[in-house]
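Peer 1: Okay, so the sequence shown: first residue is 6 according to our numbering, each after it adds one.
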Amino acid sequence: MTKKMTTVCIGRFLIDLPEETRYELTQPRIDGFDISSFDEPEADFQVRLGQREARLRAAPDQSGGSKNLVSVKEVKTENGIVGKIFVHSRVVKEGTQANGLQLERYRDESVAVEALVHGQGMSFDVSAERYDPDQVDNLNQLVAKLVPNPDNQAPTEPGFCVHRAWFRDPLPADQGEQVMMFAGLPSHPDMRLMLIMGAGLKPEEQSLLARSAAVDARLSAFDRTRVSNLRAAPRTIGGVAGDELVTRYAEKNDAIVYSFWWEVNGTVDNVSIPRLSFTMETGKSTNGPVPSSLSQDAAMALWDRISSSIRLRPAAPPKPIASAPARAPLGTYARAGERCPESGWWACSAGGEGGRVLGGQRQYIRKGERMPQALLLPPQTMWEKLRGVQPSFEPKTQTSWRLVDKRTRKRVPPPLPLAPATPVAPANMTTGPGPSMMAQGGVPVGSFAGTGMPCPASGWWRCEDPRALDGTRWFARGSLLPSATFAVPPGAFGRSPNAARSIERRGAWQLVRLAEAPLEAGSADAAS
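This is the structure:
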């Protein structure tokens, strides 16, 4: 099985898989943009591109007018990429909201941005549905780094691999590059492999080994007879330090299965050390656990052969380029009359002692706008209250403002129905990276499971795709984990505005908290 291996580039890493492996690189994302790639003749692409532009121009804007399409930019890069970038569907929400005893003025603005581009017989759609209008140039810069790779060859230059394409460096860690791989072996259908990596993510508070030790300490004497940790120690692979956990389980039906797990906690500022989780499991089936098709020695040998091949892709250093202008940090001050250096929420230094600021002590101000001179509202006297009069005055000195928040829009509940989990009978329960026979506390926080797999433990599971509408949801143990749900703008992919408003994709879920029931939610399947 391992005599012939094939090398796969995923993100910034290489991994060797048996030649028969069927794998899928899915859900790539960089800087908040979803990326898809597919074969398409250039003539078909040009037709689709023209139709998309026509639909965007014909669609009404927020107020019912004809300015839905904000801008169109032609794309032609040195990498042979051609197409267009569209900015459209601007949404502005503004008004006042309560903040304690004060009213604050808010302004939320977002646009949809998408690049439809083509090169070497392939089309690439790079898009974000709700994006900061001040940051739309990020898409122009990202598309300029896109290189088609139809044969999935490992690049010799530094960058980030996705399905049949890659992006040239520099790609800073704070852009949040992410990608996942699902794989299986046709000759061993009970085996599952999954690799998830993401850069710029905050490391988990506990390592894999620490979480596993906490679980082992809670096991009953009976459970301990059915669980054996074959390996539980730090392991460095390809120069990257991580934790390895290899476990043998005796399921309730006496099927012997194996779970292999290597995890790197990652760093927030180094794309070469991302958060990484690689798992291999045996004994999986849709009808419950089945005996592993590989013996312990054979499964261990296969795991060692594949896992030891994980390595950072060698590449020449990137060419130096001019650094992007620095963004104003939180705490930046600006005075009335000056140009706002950064879009965000600004706190006024005036007011206090019972006085208020017209529009709120905190106000949203866009980059480039003039900082306002505050209009102060002193406390009313008894006589003024009786007369309904509110005095006001402007300070004699310039008002000072401090940047306190860069958030551009309010958090709102998912606007569309989410894909539901599928309940299954207890007899059909299987597990993710843990035994189905274990008690509620027997699955460690931090465990991963994918779409279509039975939920290993009742609790709150976070969708690993930050662009999905799901967020963190509660699932019952044994229910089949759902697909991730994504919103689709009307008219996307050639459909009419009356087409489905959402799509579903396979995803990965991570257990963040064990809970027998969703006490915090109104239903058994809640999103937050």
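All residues carry an ideal CB built from backbone N, CA and C; glycine is no exception.
Measure the alpha-carbon distance for residue 498 versus residue 11 and round it to whole angstroms.
Peer 2: With a pLDDT of only 46 at residue 498, under the threshold of 50, the placement of this residue in the model should not be trusted; the figure read from the coordinates follows. Approximately 33 Å between the Cα atoms of the pair.
Peer 1: Can you check the stretch 132-164 for any beta strand (DSSP E) of at least 3 residues that lies completely inside it and give the ranges in chain order?
Peer 2: With a minimum length of 3 residues, the continuous beta strand (DSSP E) runs that stay inside the stretch 132-164 are 151-153.
Peer 1: One question on the structure: do residue 314 and residue 516 come within less than 9 Å of each other, judged by their Cβ atoms?
Peer 2: Not in contact: residue 314 and residue 516 (Cβ atoms no closer than 9 Å).
Peer 1: Terminal residues of the continuous beta strand (DSSP E) containing residue 107?
Peer 2: Looking at the DSSP string, the run of the beta strand (DSSP E) that includes residue 107 is 107-124.
Peer 1: Would you identify the three-state DSSP class for residue 390, choosing helix, strand or coil?
Peer 2: Reduced to three states, the DSSP call for residue 390 is helix.
Peer 1: Comparing C-alpha positions only, which one of 80, 136 and 98 sits nearest to residue 4?
Peer 2: For residue 4 there is no data in the structure shown, the boundaries of the chain being 6 and 533.
Peer 1: With three or more beta-carbon pairs closer than 8 Å as the criterion, would you say the stretch 24-34 touches the stretch 92-105?
Peer 2: Touching, no, given that fewer than three Cβ pairs across the two stretches are closer than 8 Å.
Peer 1: Let me check understanding here. Comparing Cα to Cα, which of 253, 266, 464 and 335 lies closest to residue 299?
Peer 2: Closest by alpha carbon: 253.
Peer 1: Roughly how far, in whole angstroms, is the beta-carbon of residue 151 from the beta-carbon of residue 86, given that I think they are within contact range, below 8 Å?
Peer 2: About 6 Å separates the two Cβ atoms, so the contact holds.
Peer 1: CA-CA distance, residue 49 and residue 373?
Peer 2: The alpha-carbon atoms of residue 49 and residue 373 are separated by roughly 41 Å.
Peer 1: Quick one: grab the DSSP three-state call for residue 184.
Peer 2: Residue 184: strand per DSSP, three-state reduction.
Peer 1: Would you call the CB atoms of residue 267 and residue 242 closer than 9 Å?
Peer 2: Yes, they are a contact pair.
Peer 1: Pick helix, strand or coil for residue 311, following the three-state DSSP scheme.
Peer 2: Residue 311 falls in the helix class under three-state DSSP.
Peer 1: State the Cα-Cα distance for the pair residue 488 and residue 233, rounded to the nearest angstrom.
Peer 2: Distance between the alpha carbons of residue 488 and residue 233: 32 Å.
Peer 1: Drop a sphere of 10 angstroms on the beta-carbon of residue 13, count the other beta-carbons inside from all chains shown, and report buried for 16 or more, exposed for fewer.
Peer 2: Its Cβ being crowded by 16 or more others within 10 Å, residue 13 is buried.
Peer 1: Buried or exposed: where does residue 154 fall if 16 or more other Cβ atoms within 10 Å of its Cβ makes it buried?
Peer 2: By the neighbour-count rule (16 or more Cβ atoms within 10 Å), residue 154 is buried.
Peer 1: What does the Cβ neighbour count give for residue 104, buried or exposed, with the cut at 16 atoms within 10 Å?
Peer 2: Result: exposed.
Peer 1: Please list the terminal residues of the continuous beta strand (DSSP E) segment that includes residue 51.
Peer 2: Premise fails: residue 51 lies in the alpha helix (DSSP H), 47-63, not in any beta strand (DSSP E).
Peer 1: From the DSSP output, read off the bridge partner residues of residue 370.
Peer 2: Residue 370 pairs with 349.
Peer 1: Looking only at its own chain, which residues have a Cβ that is under 8 Å from the Cβ of residue 416, when we skip the five neighbours before and after it?
Peer 2: In this prediction, residue 416 scores a pLDDT of 44, lower than 50, which makes its location untrustworthy; the coordinate-derived value is nonetheless stated afterwards. Excluding residues within five positions, none has a Cβ falling inside 8 Å.
Peer 1: Starting from residue 87 and walking both ways along the alpha helix (DSSP H), at which residues does that stretch end?
Peer 2: Element bounds for residue 87: not the alpha helix (DSSP H) but the beta strand (DSSP E), 87-104.
Peer 1: Secondary structure at residue 39, three-state DSSP: helix, strand or coil?
Peer 2: It is a strand residue.
Peer 1: For the alpha helix (DSSP H) containing residue 220, name the first residue and the last one.
Peer 2: Segment 213-223, the alpha helix (DSSP H) holding residue 220.
Peer 1: Measure the alpha-carbon distance for residue 474 versus residue 467 and round it to whole angstroms.
Peer 2: Taking the straight line joining both Cα atoms gives about 11 Å.
Peer 1: With a CB to CB cut of under 6 Å and the five nearest residues on each side skipped, what residues in its chain are close to residue 187?
Peer 2: Closer than 6 Å at Cβ, skipping near neighbours: 29 and 199.
Peer 1: Assuming residue 228 is part of the alpha helix (DSSP H), what are its boundary residues?
Peer 2: It spans 226-229 - the alpha helix (DSSP H) in which residue 228 sits, taken as one unbroken run.
Peer 1: From this set, 190, 384, 228 and 363, which residue's C-alpha is nearest residue 6's C-alpha?
Peer 2: Of the listed residues, the one whose Cα sits closest to residue 6 is 190.
Peer 1: Does residue 421 pass the burial test, meaning 16 or more other C-beta atoms within 10 Å, or should it be called exposed?
Peer 2: Label assigned to residue 421: exposed.
Peer 1: For residue 88 and residue 54, what's the separation of their Cα atoms in angstroms?
Peer 2: One C-alpha to the other measures close to 8 Å.
Peer 1: If I measure Cβ to Cβ from residue 397 and keep anything under 6 Å in the same chain, skipping five residues before and after, which residues do I get?
Peer 2: Here the set comprises 380 and 382.
Peer 1: Only counting the same chain, and skipping five residues up and downstream in sequence, which positions put a Cβ closer than 8 Å to that of residue 399?
Peer 2: Once the five neighbours on either side are set aside, the close Cβ partners of residue 399 are 378, 379, 380 and 381.
Peer 1: Along the beta strand (DSSP E) that carries residue 75, what are the first and last residues, could you check?
Peer 2: Its beta strand (DSSP E) spans residues 74-81.
Peer 1: Do the stretch 334-342 and the stretch 269-276 meet, that is, are 3 or more Cβ pairs less than 8 Å apart?
Peer 2: No, because fewer than three Cβ pairs between the stretch 334-342 and the stretch 269-276 fall closer than 8 Å, the two stretches do not touch.
Peer 1: Beta-carbon within less than 7 Å of residue 195's beta-carbon, same chain only, minus the 5 sequence neighbours each way: which residues are those?
Peer 2: Cβ neighbours of residue 195 beyond the five flanking positions: 287, 288, 289, 290, 295, 297 and 298.
Peer 1: So residue 395 is in the beta strand (DSSP E); what residue range does that whole segment cover?
Peer 2: Looking at the DSSP string, residue 395 is not in any beta strand (DSSP E), and its letter there is neither H nor E.
Peer 1: Where residue 24 and residue 311 are concerned, what is the direct C-alpha to C-alpha distance, given to the nearest angstrom?
Peer 2: Taking the straight line from one Cα to the other gives about 12 Å.
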